[in-house]
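K.L.:
Please see the structure below; I have some questions.
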RNA sequence: GGUCCUAUCGUCUAGUGGCCUAGGACGAAGCCCUCUCAAGGCUUAAACACGGGUUCGAAUCCCGUUAGGAUCACCA
């Protein structure tokens, strides 16, 4: 029984795109569902595009999302692989020490070269050294003739190449017959070999191309499922041919569709956030991002109509075969809704902790145990009112800071005159001053009684009090709010309001 | 242009030949609840891209058309 092993293999060239995160999520869920392992491997074989620090950043993003990378190499080949500890880009915060990844391809050049030579020796790959100019001339000629350019062994300009001089190694792709890809998501796809050219396996700088490096590593790591973006679909038959040339077992392939913006084009900056940190900074929680991404292109099916999932539920129910083949459009309104759902499901103290950086950004520094305790008391009142963490500050700032003095107009209740509002305000003050227990329910009872006595509607009186006490028209429930603020603060703010309205 | 992929409400999807006068969710509209705002409850509008087949019967199978998309590098 082979253990399911999946991997996410980004090229560390910058920010991790949300579409890539979804692909990684599908890979992770596939592994976890089967009790298997998930790894990240960095494909940094293009020297021109390498971005230092990006690898680390990507790992941090997985960590933040709660997508854990697996350690415990129980596979000989896996152990033989070099780890991040050998790379200049090693993570130095210690949090990933002891796990066997990320794997970095630039550290493994000798391995790829040996594999390429192995294919040359077997007559399944060959050397050639056409220059970039010669190649583009060939391309131009093909185009002039209306053909699609495709390099084949027979097109070589020189056949005798000194292995000591710069050259590339190309894979000798069979030029007849068919290659069949049995994709988990798309089913069987048949490719005519005649349409496939001979790709470079090893570049003249000694670096491998994706086709070689990825196939070699996936084999050595014991990867069972190659789950990747569907832009790889056209080159999949070449990859299959390479794997076969080595005589290795074929892994399971799954090409997942892209994530598009509202206009049907691939999601990009102009659609809004695309990077994980952007989502985090906009107040989205991990649970919602993962839930949303999972549902983008995947559904439980079998008559089940569940939309809200926890990570354990996702792991239990996820199946690659139920991922749709068509591209999905990223919907921010739906993400917002899910974010609200997951916020509501959190324990109050957990939510309070997550709110901290956002409150600090709004100038509310919860810097003492007392303030934190206060925040935890407040959280249940705003929990079902916010969709994003960024919205919290606007609801609760008056608990921690003085309210702006309400304007004269704000203190006049709906369909009321100034003198009547003032009267209600003064009466309210008396209620607050004399109430035995300054708590939620007693306050509400006392104020409803007051409404009856004044022959005013609750909404009329309550809105005056709300404005006076909080300085806002939209707040958490009034009496709970007042109870938390405390009698002294409430009386002070009512007095302040009375002064304003009297003038 | 060659090759390949995709096509159900605005969006995410259920649906694998009869259970479909196509179900759910988000969003929208309305109502209820209600101290504001939310949350919650109920209701409504809203889709099988088109054309041919196959079949007693097609959203489901086949072909074509159209429309999107991917890919054709010593990038991944």
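Residue numbers (this note's numbering): 10 to 512. All residues carry an ideal CB built from backbone N, CA and C; glycine is no exception.
Closest to residue 442 by C-alpha separation, out of 490, 387 and 503, would be which residue?
P.N.:
Taking the first residue of the first chain as 1, we reach residue 442 at position 433. Here the closest residue by C-alpha is 503.
K.L.:
Return the chain-ordered ranges of every alpha helix (DSSP H) run that is complete within the stretch 341-396 and spans a minimum of 4 residues.
P.N.:
Taking only runs of at least 4 residues, the alpha helix (DSSP H) segments lying wholly in the stretch 341-396 are 341-353, 357-370 and 378-392.
K.L.:
I'd like to know whether the C-beta atoms of residue 28 and residue 338 end up nearer to each other than 8 Å.
P.N.:
Translated into positions along the first chain, residue 28 becomes position 19. Translated into positions along the first chain, residue 338 becomes position 329. No; because the gap between Cβ atoms is not below 8 Å, this pair is not in contact.
K.L.:
Expressed to the nearest angstrom, what Euclidean distance is found between the alpha-carbon atoms of residue 508 and residue 426?
P.N.:
In the first chain, counting from the first residue as 1, residue 508 sits at position 499. In the first chain, counting from the first residue as 1, residue 426 sits at position 417. Going from the Cα of residue 508 to the Cα of residue 426 covers about 16 Å.
K.L.:
Can you tell which of 438, 65 and 251 has the C-alpha that lies nearest to the C-alpha of residue 129?
P.N.:
The sequence position of residue 129 within the first chain is 120, counting from 1. It is 251 whose Cα lies nearest to the Cα of residue 129.
K.L.:
Since residue 476 contacts residue 420 with CB under 8 Å, what's their CB separation in whole angstroms?
P.N.:
Taking the first residue of the first chain as position 1, residue 476 is located at position 467. Taking the first residue of the first chain as position 1, residue 420 is located at position 411. About 6 Å separates the two Cβ atoms, so the contact holds.
K.L.:
Going along the chain, which residues of its own chain have a beta-carbon closer than 8 Å to the beta-carbon of residue 219, five neighbours each way excluded?
P.N.:
Working through the first chain from its first residue, we reach residue 219 at position 210. If we look at residue 219 and ignore the five residues flanking it on each side, its Cβ neighbours are 52 and 54.
K.L.:
Taking only runs that begin and end inside the stretch 30-79, name each unbroken alpha helix (DSSP H) of 4 or more residues, in chain order.
P.N.:
Segments of the alpha helix (DSSP H) lying fully in the stretch 30-79: 63-74.
K.L.:
As an exercise, report each continuous alpha helix (DSSP H) stretch of at least 4 residues that is fully enclosed by the stretch 265-337, in chain order.
P.N.:
Runs found: 285-290, 295-304 and 320-326.
K.L.:
Go ahead and label residue 307 buried or exposed: buried means 16 or more other beta carbons lie within 10 angstroms of its beta carbon, across all protein chains shown.
P.N.:
Along the first chain, one-based indexing puts residue 307 at 298. By the neighbour-count rule (16 or more Cβ atoms within 10 Å), residue 307 is buried.
K.L.:
Just to confirm, are residue 422 and residue 469 a CB contact at a threshold of 8 Å?
P.N.:
For the purposes of this step, residue 422 is taken as residue 413 along the first chain, with counting starting at 1. For the purposes of this step, residue 469 is taken as residue 460 along the first chain, with counting starting at 1. Result yes, Cβ atoms of residue 422 and residue 469 sit closer than 8 Å.
K.L.:
Start and end of the alpha helix (DSSP H) containing residue 210?
P.N.:
Mapped onto the first chain, residue 210 falls at position 201. Note, residue 210: premise wrong, no alpha helix (DSSP H); beta strand (DSSP E) at 209-211.
K.L.:
Verify whether the separation of the beta carbon atoms of residue 32 and residue 265 is less than 8 Å.
P.N.:
For the purposes of this step, residue 32 is taken as residue 23 along the first chain, with counting starting at 1. For the purposes of this step, residue 265 is taken as residue 256 along the first chain, with counting starting at 1. Yes, the pair counts as a contact, with Cβ atoms nearer than the cut-off.
K.L.:
Which of the three DSSP states is assigned to residue 187 in this structure?
P.N.:
Start at 1 with the first residue of the first chain, and residue 187 comes out as number 178. Correct three-state label for residue 187: strand.
K.L.:
Excluding the 5 residues flanking residue 111 on each side, which residues of the same chain have their C-beta closer than 7 Å to its C-beta?
P.N.:
By one-based count along the first chain, residue 111 stands at place 102. Only weak support exists for where residue 111 lies, its pLDDT of 46 falling under 50; the value from the coordinates is given anyway. Counting only Cβ-Cβ distances below 7 Å, and skipping sequence neighbours, we find 49, 50, 51, 64, 68 and 93.
K.L.:
Cβ atoms of residue 134 and residue 125: under 8 Å apart, would you say?
P.N.:
As a first step, residue 125 must be located in the first chain, where it is residue number 116. As a first step, residue 134 must be located in the first chain, where it is residue number 125. Against a cut-off of 8 Å, the Cβ pair of residue 134 and residue 125 comes out as a contact.
K.L.:
Which residues bound the alpha helix (DSSP H) around residue 6?
P.N.:
Outside the shown range of the chain (10 to 512) lies residue 6, about which nothing can therefore be said.
K.L.:
Alpha carbon to alpha carbon, what distance is there between residue 286 and residue 363?
P.N.:
In the first chain, the residue the question calls residue 363 occupies position 354. In the first chain, the residue the question calls residue 286 occupies position 277. Whole-angstrom Cα-Cα distance: 15 Å.
K.L.:
Could you give the C-beta distance for residue 47 and residue 78, rounded to a whole number, given that I count them as a contact under 8 Å?
P.N.:
As a position in the first chain, residue 47 is number 38, starting the count at 1. As a position in the first chain, residue 78 is number 69, starting the count at 1. With a Cβ gap of about 6 Å, residue 47 and residue 78 count as contacting.
K.L.:
Residue 176 by DSSP, collapsed to three states: which one?
P.N.:
Stepping through the first chain from its first residue, residue 176 is reached at position 167. Coil, per DSSP.
K.L.:
Please report the residue range of the alpha helix (DSSP H) in which residue 498 lies.
P.N.:
One-based indexing of the first chain puts residue 498 at position 489. Residue 498 -> alpha helix (DSSP H) spans 496-511.
K.L.:
For the stretch 227-241 against the stretch 171-186, do three or more pairs of beta-carbon atoms, one drawn from each stretch, fall closer than 8 Å, so that the two count as touching?
P.N.:
No, the stretch 227-241 is not in contact with the stretch 171-186.
K.L.:
How many angstroms separate the CA atom of residue 234 from the CA atom of residue 242?
P.N.:
As a working mapping, residue 234 is identified with position 225 in the first chain. As a working mapping, residue 242 is identified with position 233 in the first chain. Straight-line Cα distance between these residues: approximately 15 Å.
K.L.:
Excluding sequence positions up to five away, which residues of its chain have a Cβ less than 8 Å from the Cβ of residue 174?
P.N.:
Mapped onto the first chain, residue 174 falls at position 165. Excluding positions up to five away in sequence, the list reads 138.
K.L.:
Between the alpha carbons of residue 430 and residue 300, how many angstroms are there, rounded?
P.N.:
As a first step, residue 430 is located in the first chain; it is residue number 421 there, counting from the start. As a first step, residue 300 is located in the first chain; it is residue number 291 there, counting from the start. Spanning the two alpha carbons is a distance of roughly 48 Å.
K.L.:
Near residue 415, which residues of its chain fall below 7 Å by C-beta distance, leaving aside the five closest residues on each side in sequence?
P.N.:
Along the first chain, read from residue 1 onward, the residue named residue 415 stands at position 406. Counting only Cβ-Cβ distances below 7 Å, and skipping sequence neighbours, we find 476, 477, 480, 506 and 509.
K.L.:
Do you know offhand how far residue 358's Cα is from residue 45's?
P.N.:
Locating residue 358 in the first chain gives position 349, where the first residue counts as 1. Locating residue 45 in the first chain gives position 36, where the first residue counts as 1. Distance between the alpha carbons of residue 358 and residue 45 is about 33 Å.
K.L.:
Would you tell me roughly how many angstroms separate the C-alpha atoms of residue 260 and residue 405, rounded to the nearest one?
P.N.:
Reading the first chain from its first residue, position 251 is the one you call residue 260. Reading the first chain from its first residue, position 396 is the one you call residue 405. Roughly 54 Å between the two C-alpha positions.
K.L.:
If we ignore side chains and look at the alpha-carbon of each, how far apart do residue 237 and residue 369 end up?
P.N.:
One-based indexing of the first chain puts residue 237 at position 228. One-based indexing of the first chain puts residue 369 at position 360. Answer to the nearest angstrom: the Cα atoms are 39 Å apart.
K.L.:
Look at the Cβ atom of residue 212, then the Cβ atom of residue 177, and state whether they are nearer than 8 Å.
P.N.:
What you label residue 212 is simply residue 203 of the first chain in a count that begins at 1. What you label residue 177 is simply residue 168 of the first chain in a count that begins at 1. Result yes, Cβ atoms of residue 212 and residue 177 sit closer than 8 Å.
K.L.:
Looking only at its chain, what residues have a beta carbon closer than 8 Å to the beta carbon of residue 511, apart from the 5 residues adjacent to it on each side?
P.N.:
As a first step, residue 511 must be located in the first chain, where it is residue number 502. Hits under 8 Å: 431.
K.L.:
Does the Cβ-Cβ distance between residue 72 and residue 324 come in under 8 Å?
P.N.:
In the first chain, residue 72 corresponds to position 63, counting from 1. In the first chain, residue 324 corresponds to position 315, counting from 1. Not closer than 8 Å, so no.
K.L.:
Should residue 387 and residue 408 be called a contact, given that it needs their Cβ atoms to be closer than 8 Å?
P.N.:
For the purposes of this step, residue 387 is taken as residue 378 along the first chain, with counting starting at 1. For the purposes of this step, residue 408 is taken as residue 399 along the first chain, with counting starting at 1. A contact, by the Cβ cut-off of 8 Å.
K.L.:
Taking residue 179 as the reference, which of 198, 247, 385 and 151 has the closest Cα?
P.N.:
Taking the first residue of the first chain as position 1, residue 179 is located at position 170. Taking only the C-alpha atoms, the option nearest residue 179 is 247.
K.L.:
Using 8 Å as the cut-off, can you tell me whether the stretch 483-499 makes contact with the stretch 447-458, which would need three or more C-beta pairs spanning the two stretches below that distance?
P.N.:
Output reads yes: the stretch 447-458 touches the stretch 483-499.
K.L.:
Does DSSP put residue 12 in a helix, a strand or coil?
P.N.:
Position 3 of the first chain, counting from 1, holds the residue named residue 12. The answer is coil: DSSP assigns residue 12 none of H, G, I, E or B.
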